[in-house]
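Input: a single structure, listed below in structure tokens.
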Amino acid sequence: MLILECPCCGVTGEETEFAGGGEAHLKRFGPGSSDDEFHTYLFAKENPKGVHFERWRHANGCGKWFLAARNTMTLEVYGTYSAQTTEPPQDIKDKISAKVPGWSWREFS
50 MLILECPCCG VTGEETEFAG GGEAHLKRFG PGSSDDEFHT YLFAKENPKG
100 VHFERWRHAN GCGKWFLAAR NTMTLEVYGT YSAQTTEPPQ DIKDKISAKV
150 PGWSWREFS
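Structural data, given as structure tokens:
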């Protein structure tokens with residue numbers, strides 16, 4: 050079971066308190082995008098073995114969206130942070146780098 054902390058209201062709870070919203074840090078294409086770009090945005094999702102960034106909503110609490118960094122193999126949550134950020138905070142990147150040798154942040158495109 051995942052234990053997440055909502056960075057908006059500070060409540061810590063089991064994953065059943067929250068609702069998953071899929072992969073985080075995706076590039077969204079606006080009007081005028083090609084069919085291929087839109088298809089990739091909708092359907093080409095990563096499902097990595099290891100570090101993964103996800104969107105979550107505090108469904109049974111404040112109702113706000115936030116992002117979480119976790120490991121899909123160990124279920125370890127490295128941290129949660131505001132949904133308005135374009136990349137994870139440095140302290141979360143440092144936690145991941147300390148636990149996962151060779152990991153580095155990459156820009157999503």
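Residue numbers (my numbering): 50 to 158.
Yeah, the Cβ is synthetic: ideal placement off N, Cα and C, and Gly gets one too.
3-residue-minimum beta strand (DSSP E) runs that sit fully inside the segment 60 to 89, ordered along the chain: 61 to 63 and 68 to 72
Sheet register partners of Ala117 (DSSP bridge): Counting from 1 along the sequence shown, the entry for residue 117 is found at position 68. DSSP lists Glu103 and Thr129 as partners of Ala117.
Extent of the continuous alpha helix (DSSP H) run through Lys98: Within the sequence shown, numbered from 1, the residue matching residue 98 stands at position 49. From DSSP, Lys98 is part of no alpha helix (DSSP H); its letter is neither H nor E.
Which of helix, strand or coil DSSP assigns to Leu51: If you number the sequence shown from 1, residue 51 lands on position 2. Note: Leu51 maps to coil in three-state DSSP.
For Lys144 and Pro150, the rounded distance between their alpha carbons: The residue labelled residue 150 in the question sits at position 101 within the sequence shown. The residue labelled residue 144 in the question sits at position 95 within the sequence shown. Computed Cα separation, rounded: 11 Å.
Close Cβ partners of Met50 (< 7 Å) along its chain, the five nearest in sequence each way excluded: Against the sequence shown, residue 50 aligns to sequence position 1. These residues qualify, in order along the chain: Glu63 and Glu64.
Inter-residue Cα distance where the pair is Leu91 and Thr134: Position 42 of the sequence shown, counted from the first residue, corresponds to residue 91. Position 85 of the sequence shown, counted from the first residue, corresponds to residue 134. One C-alpha to the other measures close to 21 Å.
Stretch pair the segment 80 to 89 + the segment 101 to 119: three plus CB contacts closer than 8 Å: no
Host alpha helix (DSSP H) of Ala108 (start-end): In the sequence shown, counting from the first residue as 1, residue 108 sits at position 59. It is not in any alpha helix (DSSP H) - Ala108 carries neither H nor E in the DSSP assignment.
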